[in-house]
Every structure is written in structure tokens, then in C-alpha cells.
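Quick note on numbering: the sequence shown equals residues 4 to 217 in this note's numbering. Taking it in order: structure first as C-alpha cells, then the write-up.
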Amino acid sequence: MATRTGRKHREAAFLNIPYDRDFEELYLAYIAGIAAFGLTPRATLEVPGGTRRLDRIFDVIRTCQYSFHDLSRVEVDPSPPPTPRFNMPFELGLAVACERTGRRRHTWFVFESVDRRAEKSLSDLKGTDIYVHEGSPAGLFRELGNALVNAERSPEIADMEFVYSHLRIALPNLRKQTGAKGVFEARLFRDLVVTAQGLAARLPVKAAAGPRTR
Numbered sequence: 004m005a006t007r008t009g010r011k012h013r014e015a016a017f018l019n020i021p022y023d024r025d026f027e028e029l030y031l032a033y034i035a036g037i038a039a040f041g042l043t044p045r046a047t048l049e050v051p052g053g054t055r056r057l058d059r060i061f062d063v064i065r066t067c068q069y070s071f072h073d074l075s076r077v078e079v080d081p082s083p084p085p086t087p088r089f090n091m092p093f094e095l096g097l098a099v100a101c102e103r104t105g106r107r108r109h110t111w112f113v114f115e116s117v118d119r120r121a122e123k124s125l126s127d128l129k130g131t132d133i134y135v136h137e138g139s140p141a142g143l144f145r146e147l148g149n150a151l152v153n154a155e156r157s158p159e160i161a162d163m164e165f166v167y168s169h170l171r172i173a174l175p176n177l178r179k180q181t182g183a184k185g186v187f188e189a190r191l192f193r194d195l196v197v198t199a200q201g202l203a204a205r206l207p208v209k210a211a212a213g214p215r216t217r
């Protein structure tokens with residue numbers, strides 16, 4: 004029988020994404036899509052102050068069987084001083100280290116909006132599957148299905164769209180209840196995850212067919 008800790012590990016997925024307004028749609032889509040697979044999204048938004056942030060981020064990644072790393076916004080922030088955004092590739096590196104050195108299984112996936120750009124900006128990724136979502140929720144749901152083809156659950160795109168559309172409807176009320184000024188806040192993230200999981204629980208459970216063979 005699986006232990007409670009082991010079950011939580013198998014059902015957890017770390018979400019490494021940019022926290023900016025232009026990414027809000029995909030942020031909700033990631034939460035919805037991951038929840039539709041029966042997984043619990045985790046994020047650095049949960050990391051509290053007062054502890055060494057890097058240690059806490061690594062600890063969160065280690066509690067997850069999966070991690071999803073979106074590199075589509077690795078670009079120069081034009082606000083003074085103009086600075087490249089390195090958080091996403093850095094946290095990807097932490098996940099790779101977790102996979103190589105951790106005692107528990109960890110599988111990481113890389114997502115992008117533009118084909119072949121990740122291999123150019125981070126050449127060490129050559130030979131790694133990059134899931135290109137073209138910057139749309141529909142594209143993201145397609146690529147989540149490709150990445151998690153052997154997961155225990157296999158929701159259809161329509162299932163993920165159901166969770167996503169209802170999560171968007173719930174967002175204004177959740178923001179009001181939490182007093183959130185923006186969508187990228189810790190308590191609102193928690194409530195979005197709980198809401199998405201409640202919506203996902205209404206979906207018919209579709210088991211994966213197992214590994215594909217040629």
C-alpha cells in the first residue's frame with residue numbers, strides 16, 4: 004500500500020512560470036490542465052518569507068513527481084535597468100538536479116511558445132523534447148496531453164477546457180474573497196488550485212492507455 008507521503012509526491016506538479024500580466028491566461032490554463040490530470044499544482048508563490056528562498060524552492064520541487072517549466076518569457080525586462088529574466092531557466096536547473104540526485108522519481112518538462120527557440124537560448128537542452136504551445140490555452144492543453152501521455156489519468160482537451168472556462172468565471176469572486184490585487188498571490192493561488200481540483204473531480208475519470216508502441 005502506498006504511503007500518504009508517497010501518494011502526495013505522485014500527485015504533485017511544480018509549476019515554473021513567469022509572474023506577469025501577459026501570462027495570466029496561460030497561468031490559469033496550467034492550473035486547470037494540471038488539475039484535470041488529477042495532479043496538485045505547486046509553485047514558488049507558496050514559498051513564505053523568513054526562510055532561505057532557494058532552499059524552500061528546492062524543497063517544493065523535491066516534493067513533486069513532475070515539474071513544468073515554461074521558458075516562453077525568458078527575455079529582457081525593459082524596465083530600468085534592462086535585465087534578462089533568469090528565474091525560469093534557473094529553476095529548471097534545480098529540477099534537473101533533483102531528477103539526477105533525488106531519492107524519489109522526478110520528471111521535468113519544458114514548454115515554449117516558439118519552436119526551436121529554447122534550444123537556441125539554452126543549447127544544453129538539445130535532444131530534449133520541447134512542448135510548443137504557441138502561447139494559447141488550447142495549444143497548452145494539447146501539449147500537456149503529449150507530455151503526460153503515460154499519466155494515470157488521460158483527460159481530453161474538452162475536459163481541460165471545461166475546468167479552465169469555469170476557473171476563469173470563478174476568478175473575480177476568488178479575487179474579491181482573498182483581497183488579491185493581482186492573480187499571482189499565494190492565497191489566491193491556493194484557492195485557484197482548490198477550485199480547479201473541485202471542477203476536475205466532476206470530470207469522468209479516463210485512464211491512460213499505457214505506453215505507446217510503434
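Cβ coordinates follow ideal geometry from the N, Cα and C atoms, glycine included.
At least 8 angstroms separates the beta-carbon of Ala-38 from that of Leu-143. With a cut-off of 8 angstroms on Cβ pairs, the stretch 59-72 is in contact with the stretch 99-112, counting three or more such pairs.
In the DSSP assignment, His-169 falls within the alpha helix (DSSP H) that extends over 160-181. The beta carbons of Leu-74 and Glu-115 sit about 5 angstroms from each other, so the pair counts as a contact at 8 angstroms. With a threshold of 16 other beta carbon atoms within 10 Å, Ser-126 falls short and is exposed. A residue is called buried once 16 or more other Cβ atoms fall within 10 Å of its Cβ, and Val-208, having fewer, is exposed. The Cβ-Cβ distance between Leu-177 and Leu-191 falls below 8 angstroms. Secondary structure of Arg-55 (DSSP, three-state): coil. In the structure shown, Ser-124 falls within a helical segment according to DSSP collapsed to helix, strand and coil. Counting along the chain, no beta strand (DSSP E) covers Phe-144; the unbroken alpha helix (DSSP H) around it starts and ends at 140-150.
DSSP, reduced to helix, strand and coil, places Tyr-22 outside both helices and strands of the structure shown, so it counts as coil. Assignment of alpha helix (DSSP H) within the stretch 50-122, counting only whole runs of 4 or more residues, yields 56-65, 90-104 in chain order. If the five residues before and after Glu-146 are omitted, its C-beta is found closer than 6 angstroms to the C-beta atoms of Tyr-134, His-136, all from its own chain and listed in chain order. Note on Ile-172: under 16 other CB atoms within 10 angstroms of its CB, so exposed under the neighbour-count rule.
Under the three-state reduction of DSSP, Phe-192 is assigned to helix.
About 18 angstroms separates the beta carbons of Ala-189 and Leu-57, which is beyond the 8 angstroms limit, so they are not a contact pair. Following the DSSP letters along the chain, one finds Val-135 inside the beta strand (DSSP E) bounded by residues 133-135.
Following the DSSP letters along the chain, one finds Arg-156 in no beta strand (DSSP E), marked with neither H nor E.
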